Amino acid sequence: MAYENYECRQCERTFRAHPDANAADSGYCSPRCETVGSGWS
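Note that UniProt numbering numbers the sequence shown so that position 20 is 20, with each residue one more than the last.
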C-alpha cells in the first residue's frame with residue numbers, strides 16, 4: 001500500500017504516512033505535535 005499525504009492538526013505541515021499508521025489516525029506529524037495538540041504539556 002502506498003503512503004498518503006496528511007496535514008498535521010497542530011503545526012499544519014504536510015506529512016506522509018501509511019494509511020494504517022497511528023499518525024494517519026491521530027492526524028499529528030510527530031509526538032511533539034501530538035503532545036501540544038492534545039493539551040498534555
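A virtual CB, placed ideally from N, CA and C, is assigned to each residue, including glycine.
None of these values were measured; they are calculated from a predicted model.
Task: 6 angstroms Cβ shell around Val-36 - same chain, five flanking residues per side excluded - done: The answer, listed in chain order, is Gln-10.
TODO: Quick one: residues in its chain with C-beta nearer than 6 angstroms to the C-beta of Glu-4, no 5 flanking neighbours on either side, listed in chain order?
DONE: The beta carbon of Glu-4 sits closer than 6 angstroms to the beta carbons of Pro-19 from its chain, once the five residues preceding and following it are set aside; these are given in chain order.
Task: Per DSSP, the bridge partner or partners of Tyr-6 - done: Secondary-structure assignment with DSSP links Tyr-6 through a beta bridge to Phe-15.
Open item on the list: Is there a C-beta anywhere in chain C that falls below 8 angstroms from the one on Asp-25?
Closed with: Note that chain C does not occur in the displayed structure, where there is just one protein chain.
Task: Euclidean distance between Cα positions of Cys-33 and Arg-16 - done: If I take the Cα positions, the gap works out to 15 angstroms.
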